[in-house]
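Enquirer: Residues 4 to 292 (my numbering) make up the sequence shown, in order.
Below you will find the structure I want to go over with you.
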Amino acid sequence: MHRLLYYIIYPLLWLISLLPMWLLYIKSDIIFFIAYYILGYRKKVVRENLELAFPLKSKAEILRIQKKFFKQLCDMLVETIKSITIPEKEIRKRFDVKNIEILTTLYAQEKSVLLMAGHYGNWEWSGILNKMMQHQAHAVYKPLRNKQIDDVVKNIRERFGGIIVSNRAVVPMLYRKMKKGNLTLTYILSDQTPKQGAYKHRDTFMGTNVPVFTGTEELAKKLDFACLYLKVEKVKRGYYTATFETITNTPNDFENFEITRMFFDKLESQIRDTPELYLWSHKRWKLRA
4 MHRLLYYIIY PLLWLISLLP MWLLYIKSDI IFFIAYYILG YRKKVVRENL ELAFPLKSKA
64 EILRIQKKFF KQLCDMLVET IKSITIPEKE IRKRFDVKNI EILTTLYAQE KSVLLMAGHY
124 GNWEWSGILN KMMQHQAHAV YKPLRNKQID DVVKNIRERF GGIIVSNRAV VPMLYRKMKK
184 GNLTLTYILS DQTPKQGAYK HRDTFMGTNV PVFTGTEELA KKLDFACLYL KVEKVKRGYY
244 TATFETITNT PNDFENFEIT RMFFDKLESQ IRDTPELYLW SHKRWKLRA
C-alpha cells in the first residue's frame with residue numbers, strides 16, 4: 004500500500020512542481036485559507052508557542068504573527084514542491100548566497116565545516132549550496148517511518164548533489180571521510196528537540212529553559228571542524244538571501260556548551276527580528292522546565 008502511494012504521490016508532486024511560481028503561490032493562498040480558517044491546523048500550538056516566546060506582546064500582535072507564520076508555512080510547502088524540478092539558474096536567483104568565499108578560504112585551509120542552522124526562512128532550498136563550493140556537501144536528517152515518503156524527501160534534498168545522512172550514521176561517516184582526507188560541509192538543523200532523557204544540557208531558548216541539542220558542538224570538538232551559522236533572510240515572497248557567519252574555527256578553545264549558546268543567540272536574534280519566519284508549529288518547548 005505504501006509503495007502504491009509513492010507511485011501516486013511523487014508523479015503528482017512532480018507535475019505540480021512544473022507550474023510557475025506565481026501559480027504555485029495562488030495555490031499557497033488557497034491552502035492557507037483552508038488550513039487557517041477552516042481546519043485550524045495547529046493554531047493552538049502556534050499561539051501557545053508565540054505567547055511563551057513573546058510574553059510582553061499583546062494578543063493582537065500574537066495573532067498578527069500567527070497569521071503571517073501560516074502564510075509563510077504554506078509558501079514554504081509549495082517552494083519545497085517546486086524544488087523537485089526547479090532549474091539551478093532559477094534557484095540561485097531565489098536563494099542568493101552572499102559570501103560563499105568564506106567556504107573557499109576554509110577549503111584552502113583544509114578545514115571541514117559544520118553548518119549550523121535553525122528552522123527559519125526556507126531551509127529546504129539550502130541544497131543549492133552544493134553547487135557553489137568545493138567541500139563535499141552533506142545534510143543531516145532524521146529518517147521518516149514511512150519509507151516511501153522518506154524516499155521523496157531524500158530525492159528532493161539530494162537534487163543538487165548533496166548527500167543526505169541519517170542522524171545515526173553521520174558520525175562514523177564523517178570520521179571515515181576525514182581519515183581519507185576529504186573535506187566536508189555538513190548542514191545540521193541544530194534547534195531540534197532532544198528526546199526526553201537523551202540530552203546532556205539545558206539552556207534558555209527564547210527565554211524558556213529547555214533541553215538543547217549539543218551534538219553539533221560535540222562533533223566539532225572531536226573532529227576539530229569549523230562551525231558556521233547560516234543566516235537566511237527573506238527578501239520578498241519567493242526570494243531569500245543566505246549569509247555565512249563564523250561561530251568559530253577553533254572549537255576546542257571554548258568551554259562545553261558555549262558554541263551551542265552562540266548558535267542560539269544568533270537564531271534568537273533573527274526570530275525576534277522577523278518572528279513569522281520561524282517554525283512555530285513544532286512543539287519545541289514541550290519539555291520546558
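We put the CB at the ideal spot given by N, CA and C, even for glycine.
Only a predicted model underlies this, so the values are computations on that prediction, with no experimental measurement involved.
How would you call asparagine 133, buried or exposed, if buried means at least 16 neighbouring beta carbons within 10 angstroms?
Expert: For the purposes of this step, residue 133 is taken as the residue at position 130 of the sequence shown. Asparagine 133 should be labelled buried.
Enquirer: Tell me, to the nearest whole angstrom, how far the beta carbon of threonine 211 is from that of tryptophan 288; I am working on the premise that it is less than 8 Å.
Expert: Walking along the sequence shown from the start, residue 211 turns up at place 208. Walking along the sequence shown from the start, residue 288 turns up at place 285. Confirmed, about 6 Å.
Enquirer: Apart from the five residues just before and just after cysteine 77, which ones in its own chain have a Cβ nearer than 6 Å to its Cβ?
Expert: One-based indexing of the sequence shown puts residue 77 at position 74. So the list reads Ser31, Ile34 and Phe35, once near-sequence residues are dropped.
Enquirer: Within a Cβ cutoff of 7 Å, which residues of the same chain sit near serine 284, ignoring the five residues on either side of it in sequence?
Expert: Start at 1 with the first residue of the sequence shown, and residue 284 comes out as number 281. The answer, listed in chain order, is Arg45, Val48, Val49 and Leu76.
Enquirer: Hey, quick one: how far does the alpha helix (DSSP H) through isoleucine 68 stretch, first residue to last?
Expert: Residue mapping note: residue 68 aligns to position 65 of the sequence shown, counting from 1. Counting along the chain, the alpha helix (DSSP H) containing isoleucine 68 begins and ends at 62–85.
Enquirer: Would you mind giving the Cβ-Cβ distance between arginine 179 and glycine 130, rounded to the nearest angstrom? I have them listed as a contact below 8 Å.
Expert: Position 176 of the sequence shown, counting from 1, holds the residue named residue 179. Position 127 of the sequence shown, counting from 1, holds the residue named residue 130. With a Cβ gap of about 22 Å, arginine 179 and glycine 130 do not count as contacting.
Enquirer: How do the region 255–271 and the region 217–229 stand: do at least 3 beta-carbon pairs fall below 8 Å, yes or no?
Expert: Flag = yes, the region 255–271 and the region 217–229 touch.
Enquirer: Verify whether the separation of the beta carbon atoms of histidine 141 and isoleucine 105 is less than 7 Å.
Expert: Here residue 141 corresponds to residue number 138 of the sequence shown, with the count starting at 1. Here residue 105 corresponds to residue number 102 of the sequence shown, with the count starting at 1. No. Outside cutoff.
Enquirer: Based on DSSP bridge pairs, tell me the residues matched to leucine 233.
Expert: The residue given as residue 233 occupies position 230 in the sequence shown. Note: leucine 233 sits in a beta bridge opposite Phe247.
Enquirer: Which residue's Cα is closest to the Cα of leucine 188: Glu113, Ala56 and Arg95?
Expert: To locate residue 188, count along the sequence shown from 1; it is residue 185. Of the candidates Glu113, Ala56 and Arg95, the one whose C-alpha sits nearest the C-alpha of leucine 188 is Glu113.
Enquirer: Is there contact between the region 167–174 and the region 136–152, where contact requires at least three CB pairs shorter than 8 Å?
Expert: Yes, since at least three Cβ pairs between the region 167–174 and the region 136–152 fall closer than 8 Å, the two stretches touch.
Enquirer: Give the DSSP-derived three-state secondary structure of aspartate 99 in the structure shown.
Expert: Numbered from its first residue, the sequence shown carries residue 99 at position 96. Correct three-state label for aspartate 99: strand.
Enquirer: Quick check on the burial criterion: 16 or more other C-beta atoms within 10 angstroms. Buried or exposed for isoleucine 11?
Expert: The sequence position of residue 11 within the sequence shown is 8, counting from 1. By the neighbour-count rule (16 or more Cβ atoms within 10 Å), isoleucine 11 is not buried but exposed.
Enquirer: Report the option in Ala229, Thr244 and Gly241 whose CA atom is closest to the CA atom of threonine 253.
Expert: If you number the sequence shown from 1, residue 253 lands on position 250. It is Ala229 whose Cα lies nearest to the Cα of threonine 253.
Enquirer: Using DSSP with H/G/I as helix, E/B as strand and the rest coil, what is serine 169?
Expert: For the purposes of this step, residue 169 is taken as residue 166 along the sequence shown, with counting starting at 1. Looking at serine 169 - three-state DSSP - the assignment turns out to be strand.
Enquirer: Report yes or no: do three or more beta-carbon pairs, one from the region 120–127 and one from the region 262–275, lie closer than 8 Å?
Expert: These segments touch.
Enquirer: Let me make sure I understand the geometry here. Which of Val215, Leu186, Gly241 and Leu18 has the alpha-carbon closest to that of lysine 198?
Expert: Mapped onto the sequence shown, residue 198 falls at position 195. Looking at the Cα atoms, Val215 is the closest of the given residues.
Enquirer: In the DSSP assignment, what residue or residues form a beta bridge with valine 116?
Expert: Residue mapping note: residue 116 aligns to position 113 of the sequence shown, counting from 1. Answer is Leu188 and Ala229, bridged to valine 116.
Enquirer: Under 8 Å Cβ to Cβ from isoleucine 2, same chain only, skipping five residues before and after it: list those, please.
Expert: The structure shown does not extend to residue 2, since the chain is modelled only from 4 to 292, so the question has no answer here.
Enquirer: If distances are taken between C-alpha atoms only, which option among Phe57, Trp126, Arg205 and Ala38 comes closest to leucine 290?
Expert: In the sequence shown, the residue the question calls residue 290 occupies position 287. Of the listed residues, the one whose Cα sits closest to leucine 290 is Arg205.
Enquirer: Is valine 215 helix, strand or coil when you go by DSSP?
Expert: By 1-based counting over the sequence shown, the position of residue 215 is 212. Coil, per DSSP.
Enquirer: So, for aspartate 153: in the same chain, excluding its five sequence neighbours on each side, which residues have a beta-carbon less than 7 Å away from its beta-carbon?
Expert: One-based indexing of the sequence shown puts residue 153 at position 150. For aspartate 153, where only same-chain residues beyond five positions count, the Cβ hits under 7 Å are Pro146 and Leu147.
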